[in-house]
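Chains A and B supply the protein sequences, listed in that same order. Numbering of the first sequence is given in our numbering, commencing with residue 962 and proceeding in unit increments. Numbering of the second sequence is given in our numbering, commencing with residue 962 and proceeding in unit increments. Every residue, glycine too, gets a C-beta built ideally from N, C-alpha and C.
Protein chains: 2
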Amino acid sequence: MTEAPRTDTARLMELLSVSLGVYYGDFTIAAASENLTASQGKALTVLRRGPAAMRALAETMTCDASNMTGIIDRLEKRGLVRREASPSDRRVKNVILTAEGERVTDAIRAKMHTTRDGLDRLSDEERDRLYVLLERAFVTRPACS
Amino acid sequence: MTEAPRTDTARLMELLSVSLGVYYGDFTIAAASENLTASQGKALTVLRRGPAAMRALAETMTCDASNMTGIIDRLEKRGLVRREASPSDRRVKNVILTAEGERVTDAIRAKMHTTRDGLDRLSDEERDRLYVLLERAFVTRPACS
DNA sequence: TATTGTTATACTCTATAACTATA
DNA sequence: TATAGTTATAGAGTATAACAATA
């Protein structure tokens, strides 16, 4: 006999809000310890997945494209990223993480102790389950056509 | 015969970063549609759980206490929150959501369609499981002593 | 004509330091 | 002495509008 489901979407969204708050606070403190703002750290985190054009980066960060200029300017001045002209479209500038940028990004992730400890409270099977559920709910893949 | 676990903490943290990025973007757009910044929306979301002193609010939002003055000033000017002197400690000011503030906060939550649709892709049992896992990983309760 | 990245502008967020009222 | 909230300040983030270069 199975338990009746009791977790409605509203309650789950509230818990998600709390979880994000914890994660974001942890991330902000870790980024600050590397003398980076939360936005700068976020840009590095996105670029850690691979190079991206200015506009695509702005879309992933959910901010206006005009904001990226200043954020990337400051990261470039510190040698953490570099701009590279796109070969296929001369309007586009791709942003690429430097080796130092990769190092700093990994350092931030390594310093997120609250989040790491939280995940470490889960068993191997539970981590597997959480992974599958988050992927299902938040990672959208382009459909076939 | 069970599958061998394959989800290490690093991979899970990366997925968490993506998932919460999606949630945060959804939240930011929803807050903007109510003419609120992300920080203002976040303050309302925290206060939706109950009144809080200025300093406690700043700690939950992981920012310096001096920032709260301006954020709460703007929300108060719009009639979404009000300050109330603490009866027990005359230094403390408690911030309370007004009825209009509650309405706007709920409106933001209702407009987060990307997150809602993502969670609706999960079955009742899966939502239950996700709830338990997030609570275990991110909600810390004070221990007995 | 539409799109990419940038600039100019005004407002908001942010941390630091110093202040006041209270504890 | 220590703490809560505020103020002043400088730097960073943010959206809007306008621009040059390119598609």
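Can at least three beta-carbon pairs, one atom from the stretch 1047-1055 of chain A and one from the stretch 1023-1031 of chain A, be found at a separation below 8 Å?
-> no
Own chain partners of Thr1030 (chain A) with C-beta closer than 6 Å, once the 5 adjacent residues on each side are dropped = none
Who are the Cβ neighbours of Ile1032 (chain A) in its own chain at under 7 Å, not counting the five residues just before and after it?
-> Ser1000, Gln1001, Ala1004
Along chain B, in chain order, which residues have C-beta atoms closer than 9 Å to that of Arg1064 (chain A)?
-> Those do not exist, as Arg1064 (chain A) stays about 15 Å from chain B at its closest Cβ, beyond 9 Å.
Compute the Euclidean distance between the alpha carbons of Leu1095 (chain B) and Val1056 (chain B), then round it to the nearest angstrom.
-> 28 Å
Evaluate contact between the stretch 985-995 of chain B and the stretch 1084-1095 of chain A, counting only Cβ atoms and requiring at least three cross-stretch pairs below 8 Å.
-> no
Residue range of the alpha helix (DSSP H) that Leu977 (chain B) falls in?
-> 970-993
DSSP state of Asn996 (chain B) mapped onto helix, strand, coil | coil
In three-state terms, what does DSSP make of Lys1054 (chain A)?
-> strand
According to a CB-to-CB cut-off of less than 7 Å, which residues of the stretch 983-995 of chain B neighbour chain A?
-> Val983, Tyr984, Tyr985, Gly986, Thr989, Ile990
Exposed or buried, which one is Ser980 (chain B) when buried takes at least 16 other CB atoms within 10 Å?
-> buried
Cβ separation of Arg1082 (chain B) and Ala1098 (chain A), assumed to be a contact under 8 Å, to the nearest whole Å | 6 Å
In angstroms, rounded to a whole number, what distance separates the CA positions of Leu977 (chain B) and Asp1067 (chain A)?
-> 15 Å
Sorted by chain position, which residues of the same chain lie with C-beta nearer than 7 Å to Arg1043 (chain A)'s C-beta, five sequence neighbours on each side aside?
-> Glu1037, Ile1057, Thr1059
Nearest-angstrom Cα distance between Ala1013 (chain B) and Ala993 (chain A)?
-> 26 Å
From the beta carbon of Asp1089 (chain A), is the nearest beta carbon of chain B less than 7 Å away?
-> yes
Inter-residue Cα distance where the pair is Ala971 (chain A) and Thr1101 (chain B) = 21 Å
Hey, is Ser980 (chain A)'s beta-carbon within less than 7 Å of any beta-carbon in chain B?
-> yes
Would you call the CB atoms of Thr968 (chain B) and Arg1010 (chain A) closer than 7 Å?
-> no
Shorter than 7 Å from the beta carbon of Gly1031 (chain A) to some beta carbon of chain B?
-> no
Taking Glu1063 (chain B) as the reference, give the member of B:Val1053, B:Leu1080, B:Arg1039 with the closest Cα.
-> B:Arg1039
Classify Val1042 (chain B) as helix, strand or coil using the three-state DSSP reduction.
-> strand
Return the CA-CA distance between Ser1106 (chain A) and Leu1008 (chain A), expressed in angstroms with no decimal places.
-> Its pLDDT being 49, under 50, Ser1106 (chain A) is placed unreliably by the model, and the measurement read from it follows with that caveat. Between Ser1106 (chain A) and Leu1008 (chain A), the C-alpha separation is close to 29 Å.
Could you run through the stretch 1009-1020 of chain B and flag, in chain order, every residue whose CB is less than 7 Å away from some CB of chain A?
-> none
Is the beta carbon of Met1015 (chain A) sitting closer than 7 Å to the one on Lys1054 (chain A)?
-> yes
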